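Chemist: Each step along the sequence shown adds one to the number in our numbering, with nothing skipped, and position 10 is 11.
For glycine and all other residues, C-beta sits at the position ideal for the given N, C-alpha and C.
Remember, predicted model here, so these are calculated numbers, not experimental data.
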Amino acid sequence: MGGNQMSDMTEYNKWVKRVQEVDFPHWDELPKFDLYMDQVVAFLTGYTGPLGLSPVTSTMINNYVKQRAIVAPTKKKYQVMQIADILLITLLKQGFPIDAIRSGIDRVTATEYPKQAYDRFIDLLNQKMKAIGEETTRHSSNDLTQELMEVTANMVVDHIQTNELVRIVQNSDKHTPTKIK
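1. Quick one, which of I133, I123, M82, K129 has its alpha-carbon nearest H27's?
2. Can you check the stretch 43–84 for any alpha helix (DSSP H) of at least 4 residues that lies completely inside it and give the ranges in chain order?
3. Look up L36 in the DSSP assignment and say whether it is helix, strand or coil.
4. Measuring alpha carbon to alpha carbon, tell me which residue in G47, Y48, I84 is nearest Y65.
5. Would you tell me roughly how many angstroms separate the C-alpha atoms of A73 and D86, rounded to the nearest one?
6. Give the DSSP-derived three-state secondary structure of A111 in the structure shown.
7. Can you tell which of A43, T163, L36, Y119 has the C-alpha that lies nearest to the C-alpha of G96?
8. Pick helix, strand or coil for F122, following the three-state DSSP scheme.
9. In three-state terms, what does DSSP make of N172?
10. How long is the line joining the alpha carbons of K112 and E12, rounded to whole angstroms?
11. Within this structure, are the beta carbons of V81 and P51 separated by less than 8 Å?
12. CB I106 to CB L89, shorter than 8 Å?
13. Compute the distance between the beta-carbons of L145 and D39, then report whether it is under 8 Å.
14. By the 10 Å Cβ neighbour count, where 16 or more other Cβ atoms means buried, how is A70 classified, buried or exposed?
15. Can you give the Cα-Cα distance for L166 and V20, rounded to whole angstroms?
16. Excluding the 5 residues flanking A118 on each side, which residues of the same chain have their C-beta closer than 7 Å to its C-beta?
17. Report yes if the CB atom of S55 is closer than 8 Å to the CB atom of V42, and no otherwise.
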């Protein structure tokens, strides 16, 4: 294995360790007091930055409000529910349109309290984040190309499966959401 390939693997392993240390906040760990826009941006960037995701911006948040993806702030302050929604949208928009994300959140919370649904998702997400790199490491040597192919194949399968589950839930009478005003 060439020296450059080894340094690439070292860089990837450092990223894996950094990502495994990210621990998304549960509902009760979200700020207890209302936040202004710049505080929301700073708070969420602390979680999304280490993942290499595009930073949350005030423009994005304003667009979420305009698109009715989140409830408008009260007196320019955002509450726990809005902060949770912004975090979820930020993570999920990597693979889904915002209207589909909002619809999914609404349908899940039609059958479960938002706090419970959010915490269940965060538990699953944190568990998956801690396991990044573990499954493919068992099957491959220090081969970044193999790792990339395995992770990409998983992503395609997960995306297809997620789309089907979203379709079924959207057509379900059990998951009829309330509308944001």
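Modeler: In brief:
1. Sorting I133, I123, M82, K129 by C-alpha distance to the C-alpha of H27 places I123 at the top.
2. Counting whole runs of 4 or more residues, the stretch 43–84 contains the alpha helix (DSSP H) stretches 59–67.
3. DSSP, read as helix, strand or coil, puts L36 in strand.
4. Taking Y65 as reference, the option from G47, Y48, I84 with the minimal CA-CA separation is I84.
5. Each residue's alpha carbon lies about 12 Å from the other.
6. Looking at A111 - three-state DSSP - the assignment turns out to be coil, as it is neither helix nor strand.
7. Checking every option, the nearest Cα to that of G96 belongs to T163.
8. F122 falls in the helix class under three-state DSSP.
9. Here N172 sits in coil by DSSP.
10. The sequence shown places Thr at residue 112, rather than the Lys named in the question. Straight-line Cα distance between these residues: approximately 43 Å.
11. No, the pair does not count as a contact, with Cβ atoms beyond the cut-off.
12. Yes, the pair counts as a contact, with Cβ atoms nearer than the cut-off.
13. No; because the gap between Cβ atoms is not below 8 Å, this pair is not in contact.
14. The C-beta of A70 has 16 or more other C-beta atoms within 10 Å across all chains shown, which makes the residue buried.
15. The C-alpha of L166 lies about 27 Å from the C-alpha of V20.
16. Apart from the 5 residues on each side of it in sequence, A118 sits with its Cβ closer than 7 Å to the Cβ of V109, T110 in its chain, given in chain order.
17. Their beta carbons are not under 8 Å apart, which means S55 does not touch V42 by this criterion.
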